[in-house]
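Engineer:
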Amino acid sequence: MNVADLFGAASNGDCDKIRSLLEEGMDVDAKDEDDHGCTALHHAAKAGHCPAIELLLDRGAKIDAINTKGMTALHYAAMNCHCAAIALLLDQGADVEIWDHDCRTALHFAASSDERMSSPQPLYKFVFGCADYSHHLQVSPEKHRCDAISLLLDGGADMDFKDRYDYTPLHYDAYEGDNDAIRLLLNRGTEFHEQNIYGQTVLHITAFHGHNDTVKLWLDRGVDIAAMDNMCRTALAVAARHGHHETVKLLCSRDGNLAAKGTHDSCTPLLDAARNGYCKVIDVSLTLAVTLGENCSGNTALHAAIPHGGLKTVTHLLGLGVEVNARNKDGKDGGWTALDHALHWEDFTIA
Numbered sequence: 001m002n003v004a005d006l007f008g009a010a011s012n013g014d015c016d017k018i019r020s021l022l023e024e025g026m027d028v029d030a031k032d033e034d035d036h037g038c039t040a041l042h043h044a045a046k047a048g049h050c051p052a053i054e055l056l057l058d059r060g061a062k063i064d065a066i067n068t069k070g071m072t073a074l075h076y077a078a079m080n081c082h083c084a085a086i087a088l089l090l091d092q093g094a095d096v097e098i099w100d101h102d103c104r105t106a107l108h109f110a111a112s113s114d115e116r117m118s119s120p121q122p123l124y125k126f127v128f129g130c131a132d133y134s135h136h137l138q139v140s141p142e143k144h145r146c147d148a149i150s151l152l153l154d155g156g157a158d159m160d161f162k163d164r165y166d167y168t169p170l171h172y173d174a175y176e177g178d179n180d181a182i183r184l185l186l187n188r189g190t191e192f193h194e195q196n197i198y199g200q201t202v203l204h205i206t207a208f209h210g211h212n213d214t215v216k217l218w219l220d221r222g223v224d225i226a227a228m229d230n231m232c233r234t235a236l237a238v239a240a241r242h243g244h245h246e247t248v249k250l251l252c253s254r255d256g257n258l259a260a261k262g263t264h265d266s267c268t269p270l271l272d273a274a275r276n277g278y279c280k281v282i283d284v285s286l287t288l289a290v291t292l293g294e295n296c297s298g299n300t301a302l303h304a305a306i307p308h309g310g311l312k313t314v315t316h317l318l319g320l321g322v323e324v325n326a327r328n329k330d331g332k333d334g335g336w337t338a339l340d341h342a343l344h345w346e347d348f349t350i351a
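Counting from 1, one number per residue, gives the positions in the sequence shown under UniProt numbering.
Written out as structure tokens, the structure reads:
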């Protein structure tokens, strides 16, 4: 009798096999050491097999058993937006407010579930600094997200509960750019001016990913376009820094300032764009007649493009007629030109 058979049967929704194994004396709450200590109930909920969930609960499975990540069966059902499983677990008394080791409730998981979590920069690793749970996703659940969120809210979930990094479920939906889910939470009265521990608003997070329709939604709702994160960056600076030129244009049309200097390093959004090699953002400035400017060290866009922006960006800037002999405030003899900067970084192609 192998306990792995129980986990496999639960994952496959094989009630006959589950029943047979339990009648042979297998522990209904046995933990899967190969999968973070998940029980059979976790596995059944992850796959959304309601008959298997009912059978396991009838046989005494602990509905709120947690694995080594602090996750319950409800977390897994919510992660995959298995609405029938969510409803069943809530009806059977599952605790909707249990949070995992990163302080995420089932509502956080429902708000963020998407196949994009399995990308090279998954949600929990890149944006939130948490563990990657993408391997637990069974399907692309986006079309069921609103239903899952509604079920959890009706079951008493706290829509403004903050995780370890002060992200609410609304921050997670901002990451996804899911306007339907966002409107659902807003219509339920969620707070939308909250900042996470990095000082980011929902507008910062949306601008980071270039979700233009969602950016419009936030602006229409009155989210502060001038709010700065802990690095003194506005949402416009974030969009420029990551090359979302259409988002940059949108924010500028709503009074965003491309020439504004952040107080952290006096760097403008345009200098950030040049530093990261985003020529299309630089071109936006031309259509708006915005000067490229310089930071507190006197570095121009041409300085900023070396070494990270690359030859393409430097060539683009030179084609726009930027001052090639402008000096910054570094070094001796009146500061460095872009050429000095290139030689310092041993970028002889640019030099």
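Virtual Cβ for every residue (Gly too), placed ideally from N, Cα, C.
Here the structure is a predicted model, which means the values were calculated and not measured.
I'd like to confirm the pairing. Which residues does DSSP put opposite Thr287 in its beta bridges?
Structural biologist: Partner(s): none; Thr287 has no beta bridge.
Engineer: Whose CA, out of Tyr167, Arg221, Tyr165, His209, lies closest to the CA of Asn187?
Structural biologist: Of Tyr167, Arg221, Tyr165, His209, the residue nearest in Cα terms is Arg221.
Engineer: I'd like the list of long-range same chain contacts for His244, defined as Cβ closer than 6 Å, with 5 residues on each side in sequence excluded.
Structural biologist: The residues are Gly210.
Engineer: Are the beta-carbon atoms belonging to Phe192 and Thr105 less than 8 Å from one another?
Structural biologist: Not a contact, by the Cβ cut-off of 8 Å.
Engineer: Taking 8 Å as the cut-off, decide whether the C-beta atoms of Ala78 and Ala44 are in contact.
Structural biologist: Contact: no.
Engineer: Where does the unbroken alpha helix (DSSP H) through Lys17 begin, and where does it stop?
Structural biologist: Its alpha helix (DSSP H) spans residues 15-23.
Engineer: What's the gap between the Cα of Asn257 and the Cα of Tyr175?
Structural biologist: So the alpha carbons of these two residues sit roughly 23 Å apart.
Engineer: Suppose the cutoff is 8 Å on Cβ atoms and the five residues either side in sequence are ignored; what does the same chain contact list for Glu97 look like?
Structural biologist: The residues are Thr105, Gly156, Ala157, Asp158, Phe161.
Engineer: Give the secondary structure of Thr300 by DSSP, where H, G and I count as helix, E and B as strand, and everything else as coil.
Structural biologist: Note: Thr300 maps to strand in three-state DSSP.
Engineer: What is the rounded straight-line gap between the Cα of Asp132 and the Cα of Gly25?
Structural biologist: Note that Asp132 has pLDDT 46, beneath the 50 cutoff, so the model's placement of it is unreliable and no number is given.
Engineer: Kindly indicate the opening and closing residues of the alpha helix (DSSP H) around Glu54.
Structural biologist: Unbroken alpha helix (DSSP H) run through Glu54: 50-58.
Engineer: How would you call Asn80, buried or exposed, if buried means at least 16 neighbouring beta carbons within 10 angstroms?
Structural biologist: Buried.
Engineer: So Trp218 and Thr234 are in contact, right, with Cβ under 8 Å, and what is the actual spacing, rounded?
Structural biologist: Trp218 to Thr234, Cβ: 13 Å. No contact.
Engineer: Please classify Arg254 as buried or exposed, where buried requires at least 16 neighbouring CB atoms within 10 angstroms.
Structural biologist: That one is exposed.
Engineer: With C-beta atoms as the reference, is Asp178 less than 8 Å away from Thr201?
Structural biologist: Taking 8 Å as the Cβ cut-off, Asp178 and Thr201 do not qualify as a contacting pair.
Engineer: Just reading off the alpha helix (DSSP H) that Ala207 is part of, what are its end residues?
Structural biologist: Run containing Ala207: 202-209, per the alpha helix (DSSP H) assignment.
Engineer: Would Pro51 pass as a contact of Cys83 if the rule is Cβ separation under 8 Å?
Structural biologist: Their beta carbons are not under 8 Å apart, which means Pro51 does not touch Cys83 by this criterion.
Engineer: By the DSSP assignment, the alpha helix (DSSP H) with Trp99 in it spans what residues?
Structural biologist: No alpha helix (DSSP H) holds Trp99; DSSP gives it neither H nor E.
Engineer: Please determine, among Leu185, Phe7, Leu153, the residue with the shortest C-alpha to C-alpha distance to Ala87.
Structural biologist: The candidate whose alpha carbon is nearest that of Ala87 is Leu153.
Engineer: With DSSP as the reference, label Asp158 as helix, strand or coil.
Structural biologist: In the structure shown, Asp158 sits in coil (DSSP, three-state: anything other than H, G, I, E or B).
Engineer: Whole angstroms is fine: what's the gap from Leu137's alpha carbon to Lys46's?
Structural biologist: Reliability fails at Leu137, whose pLDDT of 48 lies under 50, so the model's placement of it is uncertain and the value that follows must be treated cautiously. Approximately 8 Å between the Cα atoms of the pair.
Engineer: In terms of residue numbering, what span does the alpha helix (DSSP H) encompassing Asp220 cover?
Structural biologist: Residues 212-221.
Engineer: For the alpha helix (DSSP H) containing Ile86, list its first residue and its last residue.
Structural biologist: 83-91 is the span of the alpha helix (DSSP H), which, as asked, contains Ile86.
Engineer: What residues match up with Cys279 in a beta bridge as DSSP calls it?
Structural biologist: DSSP, once it has assigned bridges, lists no residue as partnering Cys279.
Engineer: Over what stretch of residues does the alpha helix (DSSP H) that includes Ala28 continue unbroken?
Structural biologist: Note that residue 28 is Val in the sequence shown, not Ala. Careful: Val28 lies outside any alpha helix (DSSP H) and carries neither H nor E.
Engineer: What number of angstroms, rounded off, separates the C-alpha of His242 from the C-alpha of Asn196?
Structural biologist: Computed Cα separation, rounded: 20 Å.
Engineer: Residues in the same chain with beta-carbon distance under 6 Å from Tyr198, minus the five sequence neighbours each way, listed in chain order, please.
Structural biologist: Excluding positions up to five away in sequence, the list reads Asp229, Asn230.
Engineer: CA-CA distance, Leu318 and Val284?
Structural biologist: The alpha-carbon atoms of Leu318 and Val284 are separated by roughly 16 Å.
Engineer: Specify, as a first and last residue, the run of the alpha helix (DSSP H) that Thr315 falls within.
Structural biologist: Its alpha helix (DSSP H) spans residues 310-319.
Engineer: Do Thr72 and His36 come within 8 Å of each other at the CB atom, strictly closer than that value?
Structural biologist: Contact flag unset, no.
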